[in-house]
Every structure is written in structure tokens, then in C-alpha cells.
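Novice: Attaching a single structure in C-alpha cells format; questions to follow.
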Amino acid sequence: MLVIGSLGVTLILQGLIRLFAGTGGQSLYVDDRKEIFRLALPFEGARAPIVVTEPQIYLFVITIVAVVALHLFLNRSRLGKAMRAMSDNPELAQASGINTNTIVAVTWVIAGLWPLLLEHCSPSMSPSSPT
């Protein structure tokens, strides 16, 4: 039943986003053109170089930092260990004295903050109005 409810909420959110943001394409390149890097492959059978843009490099670095930070948080902090215990067995975690409502709330806050972090750390990737 929860899956159907989640699907319904997803469809409502998509509809609201389309209502307010529109359905047209939006450019991720806000101010000017970004650098393009062509990396030659080191082996003989390569036909074309790898093409990487500046925003892709930013996103790659931000993603690596975010994954490492999340890993350290889940494995080293008391709250992260409680989150892992809650994901394995909520009843046992609650019997062990873990406040499951707090863990659920913190999990939703973290899930909501990752997109904001990405937006803040990579302003060159902010969507602009359709052109």
C-alpha cells in the first residue's frame, strides 16, 4: 500500500513541477561556454579521445567528496551507526534505546540536503530559464 502511495505522491510532485517550471528544455550552461577537455586514451586501439566538460569534472569531484563524507558519517558517527541499525532491524534498534522517529527525521533531512549541497557547490550547473 505504501508503494502505491509513494507513486501517487511522485506523480503529484511531477505535475506541480511541470505546472510551475514548465515542460520546455532548460539550459544548464548559464553564463558562458565551459571548457572542454579531450583526453587521449593510452592504448593503441582507441578510435577517439574521451571528451569531458568542465561541469562534468565539477560534478565528479563533488560526487566523490559527498560519497566519502556519507561513508565516514555512516561508519564513524554515533548517529550514522544508529541509522544503519535502524535500516537493518527497526524493532531491535528501538528495543536498544534508539529513537527511531529521530533517525527517520534525520534521514529525510540528509536526503533533502544533498541536492541543496550540489546546487550550492556547483552554481555553474544551475538551470536557467528556457531560451
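Under the working numbering, think of the first position of the sequence shown as 1, with each following residue one higher.
No residue lacks a Cβ here, since even glycine has one placed at the ideal position from N, Cα and C.
Could you check what DSSP says for L39 in three-state terms: helix, strand or coil?
Specialist: Stepping through the sequence shown from its first residue, residue 39 is reached at position 39. In this structure, L39 counts as strand in the three-state DSSP scheme.
Novice: Assuming contact is defined by CB atoms lying nearer than 8 Å, are A93 and A105 in contact in what I supplied?
Specialist: Taking the first residue of the sequence shown as position 1, residue 93 is located at position 93. Taking the first residue of the sequence shown as position 1, residue 105 is located at position 105. No, the pair does not count as a contact, with Cβ atoms beyond the cut-off.
Novice: Which of helix, strand or coil does DSSP assign to I12?
Specialist: Your numbering for residue 12 matches position 12 in the sequence shown. Of the three classes helix, strand and coil, the one that applies to I12 here is helix, per DSSP.
Novice: Would you mind working out which of A95, D88, A66 sits nearest I110, comparing C-alpha positions?
Specialist: Residue numbering aside, residue 110 sits at position 110 when the sequence shown is read from its first letter. The candidate whose alpha carbon is nearest that of I110 is A66.
Novice: As an exercise, report each continuous alpha helix (DSSP H) stretch of at least 4 residues that is fully enclosed by the stretch 62 to 113, in chain order.
Specialist: 78 to 88, 90 to 95
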